[in-house]
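Counting from 178, one number per residue, gives the positions in the sequence shown under the numbering used here.
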Amino acid sequence: MRMLSTRMKNLDPYKPGEQPRDRDYIKLNANENPYPPAPSVVEAAARFLRESPQKLGLYPDPDANEVKELLAELLNKTGGVLSKNQPFEGGFKVTPDMIYMGNGSDEVLSFVFYAFFDSDKKLVRPEHSYSFYPVYCGFYNIPSDVVPLKGDWSLDIDEMIFRANKNHSSTIFANPNAPTSLGLSREQIRAWMRRAPKDRVFVVDEAYVDFGGETVIPLLAEFKNLVVVRTFSKSLCGAGLRCGYIVANPELVQAVTTVKNSLNHFPLDAFAQKFALETCKAYDYYVDCAKKICEERDSFIEFLRERSWNVLQSQTNFVFCQKNGVDGKAFYQALKEKGFLVRRFDTKGIERHLRITIGTPEQMAALKAAFI
């Protein structure tokens, strides 16, 4: 079509997990949380609509300041990892001016890409990681230096450091990584950052860290170029309400805010802000949910290994698995016919694998029966 711009014609959009329409599936393909928000959050949200409907007709706080205050408290209470639920060591504290709030971590990532990555510098990223990274590279015309994973599916840190220094590049990766489910320790990332360019932004996407990973947020005291991306969609049971954020030094937070204010001055709506506020208050509920998911995950890993499936030791709310002699696409289709949606990829190198989100004990018991 002549009406379309060249930019539009060249877009390669993100392909989300299948959304069921034709029947009721047990949906384990999008790494959503199987538990609803805390009852207190649901009641507060309903009360907000009943008692304060006029607020939906008014513009919300453009910077979500009250949310940032309570979110900083939540991070400090839990040490940034719900399943561990221990305060940060050494007196480190997150302050509200270190947080930027946005409409889910995908929008936040978009602003991060715009604020910090240039079209004349290759962005260093892993070959198999969050599949929105290459989408944003294409959208913003940012070249990539894609580093293959090692044979054990871990990140090739030495090679990523070499390429970042060679081209004086920024770096981005998910920790724990998706779809592989593996995570690096804070000390591993500290050692990595000491060898990487200090004047290029280093982005760690911690969407899944609450399920047993180790957050790098305390490294903000040491590294001014670190940006940590987080979300309410996974451990905080909020995928349907789109809340995401970064934790970074205030100068970088302000840069992302400038990008936001150049596009949409009001990114987080009034209802989402109320949801986020109440979620932060009910953190004990979400600590419990994260622990239950971790227990169910470990049980499922053991179940698969007993049946000769190759499963990585996940630090996320999903498992990444394959079985020799089993066609990933065929097995995905067989599970779908039995009423289960899991995720598979056509990407070369991982096309034989399945990524399976951890559900409730009842959902996982039904899935195990489907495997037998």
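Don't be surprised by glycine CBs; every beta carbon is placed ideally from N, CA and C. Keep in mind that this is a model prediction, so the values were computed, not measured.
- Return helix, strand or coil for Ile394, following the three-state DSSP convention. Position 217 of the sequence shown holds residue 394. Of the three classes helix, strand and coil, the one that applies to Ile394 here is helix, per DSSP.
- Query: Assuming Ser217 and Ala459 make a contact with CB atoms under 8 Å, what is their CB distance in whole Å?
  - Reply: Indexing the sequence shown from 1 puts residue 217 at position 40. Indexing the sequence shown from 1 puts residue 459 at position 282. Contact flag correct, Cβ pair sits at about 5 Å.
- Query: Are the region 484-494 and the region 388-405 touching by the rule of at least three beta carbon pairs closer than 8 Å?
  - Reply: yes
- Task: On a CA-only basis, which of Asn402, Phe548 and Thr435 is nearest Phe480? Give me that one, please.
- Result: Position 303 of the sequence shown, counted from the start, is the residue given in the question as residue 480. When each option's Cα is compared against that of Phe480, the closest is Phe548.
- Task: In the DSSP assignment, find the unbroken beta strand (DSSP E) run with Thr348 in it and report its ends.
- Result: For the purposes of this step, residue 348 is taken as the residue at position 171 of the sequence shown. Thr348 -> beta strand (DSSP E) spans Thr348 to Ala351.
- Measuring alpha carbon to alpha carbon, tell me which of Arg407, Arg200 and Trp486 ends up nearest Gly502. For this step, residue 502 is matched to residue 325 along the sequence shown. Checked all of Arg407, Arg200 and Trp486; the closest Cα to Gly502 is Trp486.
- Can you say whether Asn206 is buried or exposed, counting buried as having 16 or more other CB atoms within 10 angstroms of its CB? For the purposes of this step, residue 206 is taken as the residue at position 29 of the sequence shown. That one is buried.
- Leu252 - DSSP class collapsed to helix/strand/coil: Counting from 1 along the sequence shown, the entry for residue 252 is found at position 75. Residue state, collapsed to three classes: helix.
- Since I believe Ala447 is in contact with Leu226 (beta carbons under 8 Å), could you give me their beta-carbon distance rounded to a whole number of angstroms? One-based indexing of the sequence shown puts residue 226 at position 49. One-based indexing of the sequence shown puts residue 447 at position 270. With 8 Å as the limit, Leu226 and Ala447 do not qualify as a contact, their Cβ atoms being about 10 Å apart.
- Message: In the DSSP assignment, the beta strand (DSSP E) including Val430 goes from what residue to what residue?
- Response: In the sequence shown, residue 430 corresponds to position 253, counting from 1. First-last for Val430: Pro427 to Asn438, but that is the alpha helix (DSSP H), not the beta strand (DSSP E).
- Is Lys411 buried or exposed, if buried means 16 or more other CB atoms sit within 10 Å of its CB? Your numbering for residue 411 matches position 234 in the sequence shown. Classification for Lys411: buried.
- Could you please give the first and the last residue of the uninterrupted alpha helix (DSSP H) stretch that includes Thr456? Here residue 456 refers to the residue found at position 279 of the sequence shown. Here the alpha helix (DSSP H) through Thr456 covers Ala447 to Lys458.
- Query: Which whole runs of the alpha helix (DSSP H) in the region 267-314 are 4 residues long or more, in chain order?
  - Reply: 281-293
- Query: By a C-beta neighbour count over all protein chains shown, 10 Å radius and 16 as the cutoff for buried, is Ser346 buried or exposed?
  - Reply: Position 169 of the sequence shown holds residue 346. Ser346 is buried by the Cβ-count criterion.
- Simplified DSSP state of Cys471, which is helix, strand or coil: On the sequence shown, residue 471 is found 294 positions in, with the first residue counted as 1. It is helical.
- Query: According to DSSP, is Ile338 helix, strand or coil?
  - Reply: As a position in the sequence shown, residue 338 is number 161, starting the count at 1. Helix at Ile338.
- Can you have a look at Asp335 and say buried or exposed, based on whether 16 or more other CB atoms are within 10 angstroms of its CB? Here residue 335 is taken as the residue at index 158 of the sequence shown, counted from 1. So Asp335 ends up on the exposed side.
- Item | Three-state secondary structure (DSSP) of Asp465 | Position 288 of the sequence shown, counted from the first residue, corresponds to residue 465. It is helical.
- Would you tell me roughly how many angstroms separate the C-alpha atoms of Ala249 and Ala542, rounded to the nearest one? As a position in the sequence shown, residue 249 is number 72, starting the count at 1. As a position in the sequence shown, residue 542 is number 365, starting the count at 1. One C-alpha to the other measures close to 37 Å.
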